[in-house]
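Quick note: to get our numbering, add 159 to the position in the sequence shown (first position is 1). No residue lacks a Cβ here, since even glycine has one placed at the ideal position from N, Cα and C. All values reported here derive from a predicted model rather than from experimental measurement. See below for the structure under consideration.
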Amino acid sequence: MKRIIQPLLWLIYLLALAGGGYYAYQTAHEFGLSSPFAAVGDFVFAEPTPTLKPGEPTPTLLPGETPVAESPDNGLAGFSAWDGAERVTILVMGLDYRDWEVGEGAPRTDTMILLTIDPLSKTAGMLSIPRDLFVSIPGFNYERINVAYRQGEIYEYPGDPGGGPGLAIATVEQLLGVDINYYALVDFYAFERVIDEIGGVTLTVTEPILVDPVGDKIPRVIEPGKYTFPGDMLLAYARARKTEGGDFDRARRQQDVIIGIRNRLLEDIPGIIAKAPVLYGELAEGVKTNMTLTEAIRLGLLAAEIPLENIRKGSISEEQIVFFTTPTGDQVLKPRPDSIRELRDYIFGTVDLSSPLASLTEAERVVEENATISVLNGSFTEGLAASTADYLRTLGFNIPAENIGNAVQALTFTTIIDYTGNPYTVQLLAQTLGVQANRVILDYNPKSSVDVEVSLGSDWQVP
């Protein structure tokens, strides 16, 4: 029994983790288009949708017979082999198939969630990444992070994995400074079916929320209360954005959905086991991944051993970003690297928010980073780079003598470029030199001879 339920638990986690995308179900159901994933026979949907009322028991659902699929390993080997003992990290993505629907080619990601599990400490974490985060995409320019998948598909990003998954992984790795072992793309056509098969998921709604199920179903407002959601309504609830917090609220709801699914699975193990062949057939065709079946089973066995209190949740939200308008007028979210690093360390369990490391002063964090800095004079003040370097050294910054020189052009405003990810150094430099946030640039380049480059403009004078 245990060996059946645990891989199912893991694969349903994958569906839940990305439960906010606007996926192939709408396009296939409404427009007669084929799903981007292979279908398992002809699916029959549960109709009518059970009415949601606070406190009602789990609805009785009447899905049709579903053919049982074989259990393939997708024919793909993991590109970063996992030995079963080291921490493993998975990027789970849902795709925005509105792009596909209107003929705009490769889709963007609508949802990105990073899942991490540590086998030794039996801990796990999930980190939601907003789609409008404005980042440097390797090999391209600064874009919203949800464009990385599309660019990888269009330009056939090389590697294993390559294409959209490969470039999305490279972008998130660069943003967070972590290695990602696997990816999973989720078909929400399967998500709805799986939720219906397990009898719905019970959640507590804390504020009125407008949900709009895909297909021809009528949007409705769900008032605060406890509900058992069928598949279509659970997906709509996870996707909903029309709240005060927008995408930030949605990220938090998606993580509540994950925990709700976990609770549903664990409260009815015999019933889930009885449906194991149908559920596994749905999942095997609804998740595209570079993870083999053997690896999925190993992760499933591990995931089932992790208690709820050992799962850390977080999302990149208002505290980790600055609202920013690009020169082209696009409204995006500019990352605050120091805050994102703190959140990453918390999710990955490398630091507790109450630990001594969390209470280090800014200067102590700069010393810990030990970033090498170059100071270049872009002003008309002779010797400004040398005098500024002397001043900054008194504050603890690491500026070798050979890193002092002249900028390639005259500058009105001082700029800072971070090449290797040094958020505390950059933050303290910006504060010291009076550099505005829009003149602090993250341009990840591990081959750079320096970690941080300061180009002095005519707006700066040594105190």
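In DSSP terms, what residue i is bridged to
| i | result |
| --- | --- |
| ASP277 | THR282 |
| ILE575 | VAL599, VAL613 |
| TYR301 | SER295 |
| TYR341 | ILE249 |
| THR365 | Per DSSP, none; premise fails for THR365. |
| PHE483 | VAL491 |
| ASN536 | ASN565, LEU615 |
| ARG471 | GLY284 |
| TYR386 | LEU362 |
| LYS401 | Partner(s): none; LYS401 has no beta bridge. |
| VAL370 | ARG379 |
| THR531 | ASN557 |
Nearest residue (CA-CA) to residue i, options the options
| i | options | result |
| --- | --- | --- |
| ILE600 | THR268, ASP355, VAL585 | VAL585 |
| LEU570 | ASP269, TRP619, THR361, LEU492 | TRP619 |
| THR448 | VAL621, ILE328, ALA265 | ILE328 |
| GLY537 | TYR396, ALA410, VAL613, ILE417 | VAL613 |
| TYR505 | LEU335, ALA265, PRO297 | LEU335 |
| ILE576 | THR484, PRO496, GLY264, GLU245 | PRO496 |
| GLU477 | ASP408, PRO622, GLY284, TYR348 | ASP408 |
| GLY440 | TYR348, ARG309, THR591 | TYR348 |
| GLY419 | ASP406, LEU362, GLU454, LEU438 | LEU362 |
| GLY116 | ALA399, LEU254, PRO372 | Here the chain comprises residues numbered 160 to 622, so residue 116 is not present and cannot be evaluated. |
| LEU279 | ASP602, THR365, TYR316, ALA462 | ALA462 |
| ALA522 | ASN557, MET285, VAL364 | ASN557 |
| ALA566 | GLY542, TYR386, ASP489 | GLY542 |
| LEU394 | VAL345, GLU426, ALA433 | VAL345 |
| ARG471 | ARG500, GLY508, ASP489 | GLY508 |
| GLN479 | ASP489, ARG503, LEU467 | ARG503 |
| ASP391 | LEU587, PRO372, GLU403 | PRO372 |
Where residue i sits in the DSSP three-state scheme
| i | result |
| --- | --- |
| GLY253 | strand |
| GLY580 | coil |
| ILE506 | helix |
| GLY642 | Shown here, the chain extends from 160 to 622; a query on residue 642 therefore has no answer. |
| PRO494 | strand |
| ASN562 | helix |
| MET271 | strand |
| VAL353 | helix |
| ASN422 | helix |
| THR553 | coil |
| ILE377 | coil |
| THR451 | coil |
| VAL446 | strand |
| ALA463 | coil |
| GLY264 | coil |
| PRO429 | helix |
| ASP415 | helix |
| ASP346 | coil |
| VAL306 | helix |
| GLY318 | coil |
| SER476 | coil |
| VAL145 | For the chain, the structure presents residues 160 to 622; residue 145 sits outside this window and is missing. |
Beta-carbon spacing of residue i, residue j below 8 Å
| i | j | result |
| --- | --- | --- |
| GLU340 | THR248 | Correcting the residue identity first, residue 340 is Asn in this sequence and not Glu. Cβ distance < 8 Å, so ASN340 and THR248 count as in contact. |
| GLY616 | THR547 | no |
| VAL594 | GLY555 | no |
| VAL370 | PRO378 | yes |
| PHE350 | GLY445 | yes |
| LEU326 | ALA307 | yes |
| THR268 | ARG290 | yes |
| SER474 | ARG411 | yes |
| THR282 | ASN469 | yes |
| VAL609 | TYR578 | yes |
| ILE357 | LEU424 | yes |
| VAL491 | PHE293 | yes |
| ILE296 | MET285 | no |
| LEU438 | VAL353 | yes |
| PRO389 | ASP427 | no |
| ALA596 | VAL416 | no |
| ARG303 | PRO266 | no |
| ASN562 | SER533 | yes |
| GLY359 | THR330 | no |
Where residue i falls, given that 16 or more other Cβ within 10 Å makes a residue buried
| i | result |
| --- | --- |
| ARG552 | exposed |
| PRO494 | buried |
| ASN581 | buried |
| ALA560 | exposed |
| THR484 | exposed |
| ALA455 | buried |
| ASP602 | exposed |
| VAL380 | exposed |
| LEU442 | buried |
| THR270 | buried |
| PRO486 | exposed |
Closer than 8 Å to chain C by CB, residue i
| i | result |
| --- | --- |
| SER538 | Judged by its chain identifiers, the structure shown contains no chain C, having just a single protein chain. |
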